[in-house]
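All remarks here apply to the structure that follows.
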């Protein structure tokens, strides 16, 4: 059994003129949502074996917040430059290339690719993986290389506003 967590970066700031897209930081809402979601996933007992992040500041900052909750250190996070700007086929290649010693991996990245990828893997219809949303998909395989589109089962889709106080 393999578990894949797709975590979209937390809400980012557009208020820094002159910053490139890859350098955009989290905004205040994102800085609150990331540790909240990390704690929520931790409380479910879902601590991945490895964290892999896009190099984008907003994705890596989200990964750091989760890592701290999970008991990882920043240097444990693997930065994969290919996640930034990847399409679903490139993401599938990244997942298939993972070491089979890992039973669960968490990717930190971007939309619209994460929504498309989650739906293609699980044959579900998530309309939009919102900022700091976490999708868990399980696969009844022993090797990451055996994962393919439609072979996964959606276990959950969690997101911050689902827990907002009314």
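Residue numbers (the working numbering): -18 to 147.
Virtual Cβ for every residue (Gly too), placed ideally from N, Cα, C.
- Ranked by Cα distance from residue 28, the options 145, 8 and 51 are led by 51.
- Counting along the chain, residue 4 sits inside no alpha helix (DSSP H), nor does DSSP assign it H or E at all.
- Contact check for residue 46 against residue 141 fails: the beta carbons are separated by 8 Å or more.
- Assigned with DSSP and collapsed to three states, residue 82 falls in coil, not helix or strand.
- Per DSSP, reduced to three states, the secondary structure at residue 70 is helical.
- Look at the beta carbons and you see the segment 89 to 98 touching the segment 108 to 123: at least three pairs across the two are nearer than 8 Å.
- For the pair residue 66 and residue 102, the CB atoms are not nearer than the 8 Å cut-off.
- Counting every other CB atom within 10 Å of its CB across the protein chains shown gives residue 54 a total below 16, marking it as exposed.
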